[in-house]
Amino acid sequence: MSATVWFLTSNAGKLEEAQHHFQQLGIEVKGLDLPDTVVVEPQADDLETVARSKIAQAMNHLPQKDAMVMVEDAGLFVDALDGFPGVYSSHAFSTIGNHGILRLLSHLIDDDPVRIKNLRSASFQAVAALWDGEKVLIGKGVCKGAIATEIQGEAGFGFDPIFIPSDLDESGEPLSPGTLGTVSTHGQTFGVVGPYTKHQFSHRRRALEDLLSQLPLPDGNE
Ligand code: IMP
């Protein structure tokens, strides 16, 4: 297996996070920024299909023959909107934005703090796909939570200011609304708590960890 992964992204933050994770396996991660005309975003309902299509397209444009290539796709899935914006998150964010999502959910209100979180439940989901030279490996990560009733905070990006993650138990599993966990934002959005706290919940980190767990350990490690 080649020891370089070409990561199809133009996002420096994503690249850095992947480099950090793959370092432990002795694998170098390099960014591969191919134009939208070369790797076209397919029309599909789920993140895995999108990721697999991008891998297949990128494989013809790798800087090295037989190299490994990785893509990662994420989105916000709102239960009351049947998973919208989902695979269309990027487009939805640049068109209707956070205000638009809040408007679509404006009828879902309740005085009870638990009931309202159930009514407005949502998740961030991520899929990381890697061509290892022989096959495509898929890693998945989910961060459960709910959509706030108003924009809170300015940290992070995208839908962070309207997303309140569910508390986590000591093993990192999400708890049902109303249960206080060992990891908690105390009802605040990712836009308020910032990147350090968000990292503990991150769907993207979970997808990468799931992917890494499928790769062989470097020589000398059991
Ligand atoms: P991407 O596939 O990681 O580029 O994500 C697509 C879109 O989903 C982004 O443009 C954001 O609008 C949204 N999104 C994905 N992950 C996050 C997140 O962690 N916080 C906020 N928005 C996100």
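The numbers in the working numbering rise by one with no breaks, and the one at position 110 of the sequence shown is 110.
Where a beta carbon is used, it is the ideal one built from N, C-alpha and C, also for glycine.
Small disclaimer: the values here were computed from a predicted structure and weren't measured.
Start and end residues, alpha helix (DSSP H) containing residue i
i: Glu17; result: 12-23
i: Gln57; result: 47-58
i: Thr4; result: From DSSP, Thr4 is part of no alpha helix (DSSP H) but of the beta strand (DSSP E) over 4-8.
i: Ile116; result: 113-119
i: Phe157; result: No alpha helix (DSSP H) contains Phe157, which DSSP labels as neither H nor E.
i: His91; result: 89-95
Where the beta strand (DSSP E) through residue i begins and ends
i: Pro165; result: 163-165
i: Glu209; result: Glu209 -> not in any beta strand (DSSP E); alpha helix (DSSP H) instead, spanning 203-212.
i: Ala146; result: 136-147
i: Val29; result: 28-32
Per DSSP, the bridge partner or partners of residue i
i: Asp73; result: Val127
i: Ile101; result: BP columns for Ile101 are empty, so no partner.
i: Ala122; result: Val78, Gly145
i: Val183; result: Leu168
i: Pro174; result: Leu168
i: Pro63; result: The partner list for Pro63 (beta bridge, DSSP) is empty, contrary to what the question assumes.
i: Pro85; result: Phe77
Residue i versus residue j: straight-line alpha-carbon distance, rounded
i: Val256; j: Phe77; result: No information on residue 256 is available, as it lies outside the stretch 1 to 222 that the chain covers here.
i: Glu150; j: Leu102; result: 7 Å
i: Gly158; j: Lys65; result: 35 Å
i: Glu41; j: Val114; result: 37 Å
i: Asp160; j: Leu81; result: 18 Å
i: Met1; j: Asn11; result: Any reading at Met1 is ruled out, since the residue's pLDDT is 49, under 50, leaving its predicted position unreliable.
i: Glu28; j: His61; result: 19 Å
i: Ile109; j: Leu119; result: 8 Å
i: Asp79; j: Ser171; result: 25 Å
i: Ala155; j: Arg52; result: 31 Å
i: Pro177; j: Leu104; result: 21 Å
i: Ala92; j: Ala207; result: 22 Å
i: Gln23; j: Met68; result: 15 Å
i: Gln188; j: Trp6; result: 36 Å
i: Val39; j: Val71; result: 11 Å
i: Leu215; j: Leu32; result: 21 Å
i: Val136; j: Leu130; result: 5 Å
i: Val193; j: Ala44; result: 33 Å
i: Ile138; j: Leu211; result: 6 Å
i: Leu8; j: Gly133; result: 16 Å
i: Pro165; j: Gly181; result: 11 Å
Supposed contact pair residue j and residue i - C-beta distance, whole angstroms, cut 8 Å
i: Ser184; j: Asp169; result: Not really, about 10 Å apart at Cβ, beyond 8 Å.
i: Phe163; j: Gly145; result: 6 Å
i: Gly75; j: Leu47; result: 6 Å
Minimum Cβ-Cβ distance from residue i to chain B less than 9 Å
i: Pro85; result: Note that chain B does not occur in the displayed structure, where there is just one protein chain.
(request) With ligand 1 as the reference, list in chain order each residue whose Cβ lies under 6 Å from any of its heavy atoms. (result) Counting only heavy atoms of ligand 1, the residues whose C-beta sits closer than 6 Å to one of them are, along the chain, Asp73, Ala74, Gly75, Leu76, Ser89, Ser90, Phe93, Phe124, Gly156, Phe157, Gly158, Phe159, Asp160.
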